[in-house]
Amino acid sequence: MADRLAHATSPYLLQHAGNPVDWWPWSEAAFRAAAERDVPVLLSVGYSACHWCHVMAHESFEDPATAAIVNDSVVAIKVDREERPDVDAVYMTATQAMTGQGGWPMTVFMTPDGAPFFCGTYFPRPQFAALVQAVARAWREERDDVLNSAERTSAALSEHASSRLGAGGPAGGTEWDAVTAGAVAALEQDFDDVHGGFGGEPKFPPSMLLEFLLRHVSRNGSPEASRMAGETFEAMARGGMYDQIGGGFARYSVDATWTVPHFEKMLYDNALLARSYAHWWRLAGGAAPAVGGMTPLQPPAAKQASLCRRVAEETCEFMLRELLTPEGGFAASLDADSEGGEGTFYVWTPAQLRDVLGAEDGAWAAEALGVTESGTFTRGTSVLQRRSDPADPAGLERLDRVRGLLFAARDGRPRPARDDKVVAAWNGMAIAALAEAGLLLGRPDFVAAAERAASLLESVHLLDSGRLVRTSRDGVAGTSAGMLEDYACVASGLLVLSGVTGTTQWAAVAGTLLETVLSEFGDGHGGFFDAASDGERLLFRPADPMDNATPSGTFAAADALLSYAALFGSSRHREAAVAALALVPAIASRYPRPAGTGLAVAEALLSGPVEIAVVGPADDPRTRDLLSVAMHQAPPGAVFAVGPGAPGGDGEIPLLAGRGLVREAPAAYVCRGFTCLAPVTTPADLRSALRS
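With the numbering used here, letter number 377 in the sequence shown gets 382, and the count goes up by one each step, no holes.
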C-alpha cells in the first residue's frame, strides 16, 4: 500500500499517513484511479484540532478490518479543510443540502467525476463499515440510480451557486445608516439577556458582530449596541471558554452559559478576539474619552476596562507563547484532546488544586475559579471560570499568584497537539491584532511579532507572480492556492502594520494582493468568488458572502479595498469596496449574524473612513505620542499613515505626500477624502481634531 500522505505539509494528513486505509490526497490521480477500478470515491474532510475527526480515525480508519472494507470498495481521499476550503465548501454545501446539517468529519461518497451521491458527517465504526459496503453494492447493482442522483445533486448545487451572484446595495449614507441601525434592532431580538451572546447552545464567539457593535457605538453612541457588546465580552471573558490561567479562547461553548468549551483553540478566534477586546478597552474607559463625546460602554467602566485590557493582552501573549512557529508565523490551532481525552489539559478537581496550592489556597481557588466536587465537565472535573474578581487589591494579588502556580503545574501535563501549518488568512488576522494591540497597550513585542509574521508571508507565501500560497509548514510553501480570504485578510493586516510601523513596504505588498483580488476573483456583478478564476475546476466555484467562523472573503476584501482607497486616494478601490457590500442589506435584514464583517465595513464607510497622517522622525517620541493618540481616538475603520513627511517620492503613500513637519515639530493631519483639517502638533489638539 502506497503511503501517499507521508510527505504532506498538512499535520492533519500526516496524522493519517500510517493508517491501514489506503489514503490518497486530493488529486486528479485519485479520481483516475477510481475510474480505472470502476469504484466510487470516499472523501473524508476534517482538520487537525477536530475532536470527532480523531474519534472516527481511531474507531474506523485505524481499524484493519474496517480499512480492508474501505480499500476493497472505494478510492479514499483525505482532505484538510484548512488547506482546501474550496473543496470543503463545495461538498459541505452538498452535505447540508442532503442531510440538513453539516460538520466535521465530513463523509462524502461520489462518482469518479466528483459528483456526490451520499453525504454525512461522523459515523461510528459499525455503521461506517456497513455504509461503505452498501455504497459499493449500490454502485455495482443500482448504477443508474446512483448516477442519476449524483447528476441531480450536481445540477442543483451549480444552480444554487449561480443564484447567489449579484445584488443591489444602498446608494448613500442615509440608507447605510438605516441598514446598520436595523441590524442592531434585529440583533436585540436574538440577544441572550441572561448570559450574553446570541442564540442558545452551542454558543460561538460572535467576533465579527462584536466589531460591528463597537464601531456602531463609536459612531453614534448606541446604548443598545453598547449593552450587547459589553455583556457578551464580559460573559465570554469570565466563563470557561476563556482559558483563565493561560489566556486564549477555545472554539466555542457547548452550553448557553459559556461554561464548558469545545477545547480546541484556533488562531483565527484568538486573533479576531484579541483585536476586538483591545477595541473594547479603548471604548470602555481604558483610553482617552471617546470620539464625539459619546457615552462609552455601560458602567462600571473602570472594571470593564481592567478586564478587557487583561484579556486582550493575555490573548496576544497566548498567541506568542503557544502558536508562534520558529519561522515567525503562527500555527493554525491547538488540539482539543490530550492524554486521549478532550480537555484533559485544562480541567481541574478540588484535590488537584490542593495538591498544587495547599489546603487553604486550594479551597480558596476552588471557590474563586468555580471548581466543585461534582464537577462542571466530565468525571468530576471542572473548567476554570472567573465569574467575579476579588474586591480588594490583596485578593487580586492572591488570585494572580494562584493562577501563576496553576499555570506552572499545568505546564507539566501532556500537552495538546499543535497543528503548526501557517495559514495565510489567519496570519493576516494575527498581524492586524498584534500590531494594533501592541500600539494601544504599549507592547512593542506584539508589534515586532506582527512584523516577523508579515516577513514570513512575504518571503514564503507570496510568489514572484504576485500570487499567494495558502499554507506553509517549517518555512516551506504548500501547494494550495490562496483563496479570496487569504488575499483580503493578509492585505488588511499589512495595511494595519504599515500604519503602525510606518513601513510603507507593507502597504505596497497589500496593493499587489488587492490587484489580484480585482483581476482574478471578481464575479462580474460587483462581488467576488472565493477561488481564483484560474483555480481548480470543481462542481461549482464557491462564492459565499456570509461570515462563518472567519470573516467572509467578500466582506474582508471590501475592508481591505476601502482602507487601501483611503490611503492611496483610489476611487477604483473604493468603488469595488462599495460594490462588494451590496449583499449586506439583504443578509442583515434576514439574519444579521453572518453579516457582521460587512456591517463593520459599512460603519467605516459611514465614517469616511477618516484618514490620519502622522509625520515626524520615527525615533522622536512626539511622533509616537501622536500616533498613539490617533489610534486611541480613531473613528470606525480609520486608516493611518506614518512617515518622515518628505513630500513626493516613488512608493510613498499618497496620504503622506506633501505633508511635512510644522515648525520643525511632528504633526498629525486628520483628513476625509484627502481633504484635511489644519495640522496639529500636540496630543490635546489631535484629540480635538478627531472629535470634530
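All residues carry an ideal CB built from backbone N, CA and C; glycine is no exception.
Whole-Å CB distance - residue i paired with residue j, under 8 angstroms assumed
i: Gly603; j: Ala563; result: 7 angstroms
i: Leu219; j: Trp285; result: 6 angstroms
i: Ser497; j: Ala438; result: 11 angstroms between Cβ atoms; not a contact.
i: Asp630; j: Pro688; result: 6 angstroms
i: Val505; j: Val452; result: 6 angstroms
i: Thr330; j: Asp425; result: 6 angstroms
i: Ala155; j: Met115; result: 7 angstroms
i: Ala442; j: Ala255; result: The Cβ separation is near 20 angstroms, so there is no contact.
i: Ser387; j: Gly375; result: 6 angstroms
i: Trp31; j: Ile82; result: 6 angstroms
i: Gly204; j: Phe268; result: That pair is no contact at about 21 angstroms.
i: Gly333; j: Ser477; result: Actually they do not touch by this definition, with Cβ atoms about 11 angstroms apart.
Residue from the options whose Cα sits closest to the Cα of residue i
i: Ile592; options: Arg423, Asn553 and Leu661; result: Asn553
i: Pro419; options: Glu456, Ser343, Ala430 and Leu439; result: Ser343
i: Leu586; options: Tyr569, Ala435, Phe412 and Glu608; result: Glu608
i: Ala234; options: Pro207, Glu146, His63 and Glu216; result: Glu216
i: Leu47; options: Val501, Ala134 and Ala670; result: Ala134
i: Ser78; options: Ala689, Leu404 and Arg145; result: Arg145
i: Ala515; options: Cys494, Gly527, Gly529 and Arg130; result: Cys494
i: Val522; options: Glu269, Arg406 and Tyr492; result: Tyr492
i: Leu473; options: Gly433, Arg448, Ala455 and Gly447; result: Gly433
i: Ser338; options: Glu87, Gly253, Lys270 and Phe196; result: Lys270
i: Glu372; options: Ala81, Gln390, Leu288 and Ala455; result: Gln390
i: Asn225; options: Thr185, Met213 and Gln249; result: Thr185
i: Thr517; options: Thr476, His578 and Val481; result: His578
i: Pro597; options: Gly178, Pro175, Ala102 and Leu192; result: Leu192
i: Leu444; options: Pro25, Ala102 and Ala283; result: Ala283
i: Pro700; options: Gln101, Gly348, Gly385 and Leu543; result: Coverage of the chain is limited to positions 6 through 697, which leaves residue 700 absent and any answer about it impossible.
i: Gly380; options: Arg406, Trp353, Phe196 and Asp394; result: Trp353
i: Gly613; options: Ala571, Phe123 and Ser281; result: Ala571
i: Asp394; options: Arg408, Arg384, Phe382 and Thr383; result: Arg408
i: His63; options: Pro121, Val615 and Pro131; result: Pro131
i: Pro69; options: Leu411, Gly346, Val583 and Asp27; result: Asp27
i: Ala422; options: Asp43, Tyr52 and Asp8; result: Tyr52
i: Pro398; options: Leu325, Ser311 and Ala430; result: Ser311
Contact set for residue i: own chain, Cβ-Cβ below 6 angstroms, skip 5 residues either direction
i: Leu108; result: Here residue 108 turns out to be Gly, not Leu, going by the sequence shown. Around Gly108: Thr126.
i: Val647; result: Gly507, Val619 and Leu632
i: Val50; result: Val84, Arg86, Asp93 and Met111
i: Ser538; result: Glu525
i: Phe679; result: Gly574
i: Ala486; result: Gly540
i: Asp405; result: none
i: Ala13; result: Leu19
i: Phe534; result: Phe526, Asp528, Arg546 and Ala548
i: Met103; result: Cys124
i: Ala2; result: Since the first residue of the chain shown is 6 and the last is 697, residue 2 is not available in this structure.
i: Pro25; result: Pro69 and Ala72
Other residues of its chain near residue i: CB distance less than 7 angstroms, five sequence neighbours each side excluded
i: His200; result: Ala240, Ala261, Thr262 and Trp263
i: Val296; result: Confidence at Val296 is low in this model, with a pLDDT of 35, below 50, so the placement of that residue is unreliable and no value is reported for it.
i: Gln303; result: Because the pLDDT at Gln303 is just 49, under 50, the model does not fix this residue reliably, and the point stays unresolved.
i: Asp655; result: With a pLDDT of 43 at Asp655, under the threshold of 50, the predicted position of this residue should be treated as unreliable, and no value is reported.
i: Pro90; result: Met488
i: Ala581; result: Leu523 and Leu566
Residues near residue i by beta carbon distance below 8 angstroms, same chain, minus five either side
i: Ala143; result: Asp150 and Val151
i: Ala672; result: Val619, Val620, Gly621, Leu631, Gly650, Arg664, Gly665, Leu666, Pro684, Val685 and Thr686
i: Pro599; result: Met551, Asp552, Asn553, Ser557 and Ile592
i: Pro449; result: Gly443
Paired residues, beta bridge with residue i - DSSP
i: Tyr674; result: Ala618
i: Thr680; result: Arg677
i: Ser49; result: Lys83 and Thr112
i: Phe533; result: Gly527
i: Ala712; result: A question about residue 712 goes unanswered here, because the residues of the chain that appear run from 6 up to 697.
i: His267; result: Tyr257
i: Lys208; result: Ser258
i: Tyr247; result: Phe254
i: Phe196; result: Phe203
i: Leu329; result: Phe335
i: Trp29; result: Ile82
i: Val589; result: Partner(s): none; Val589 has no beta bridge.
>> Suppose only complete runs of 4+ residues qualify. What are the alpha helix (DSSP H) ranges in the segment 109-178, listed by chain order?
In response: 130-146 and 148-168
>> Restricting to runs no shorter than 4 residues, where is the alpha helix (DSSP H) found entirely within the segment 341-419?
In response: 355-362, 364-373 and 398-415
> Quick one: complete beta strand (DSSP E) runs, 3+ long, within the segment 445-527?
Replying inline: 476-478
>> Threshold first: 4 residues or longer. Then list the alpha helix (DSSP H) segments lying entirely within the segment 601-650, N to C.
In response: 601-612 and 626-638
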